[in-house]
């Protein structure tokens, strides 16, 4: 019995896909990285202010 997978792909020839920034949205990943960096810095600032405001008190949960 022949393997069905080899029969399905015997004539398959992969094509090369070229990157096109206009079609693929070339700047989106840069904007996302910038937003994540800003979010991280703001998060650190907020946590440091909370810690300073808390002083010697400890958080109980």
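Numbering (the working numbering), first residue to last: 41 to 101. Every residue gets a Cβ at the ideal spot worked out from N, C-alpha and C, and that includes glycine.
Measure the C-alpha to C-alpha separation of residue 73 and residue 83 and round it to an integer number of angstroms. Taking the first residue of the chain shown as 1, we reach residue 73 at position 33. Taking the first residue of the chain shown as 1, we reach residue 83 at position 43. Spanning the two alpha carbons is a distance of roughly 15 Å.
For residue 72, which of helix, strand or coil comes out of DSSP? Start at 1 with the first residue of the chain shown, and residue 72 comes out as number 32. Here residue 72 sits in helix by DSSP.
Quick one: Cα of residue 97 to Cα of residue 86, how far? The residue labelled residue 97 in the question sits at position 57 within the chain shown. The residue labelled residue 86 in the question sits at position 46 within the chain shown. About 17 Å.
Boundaries of the alpha helix (DSSP H) in which residue 54 is found, first to last residue: Translated into the one-based positions of the chain shown, residue 54 becomes position 14. Premise fails: residue 54 is in no alpha helix (DSSP H) and is neither H nor E.
Between residue 55 and chain D, is the shortest Cβ-Cβ distance under 9 Å, so that the two count as touching? No chain D is present in this structure, which holds just one protein chain.
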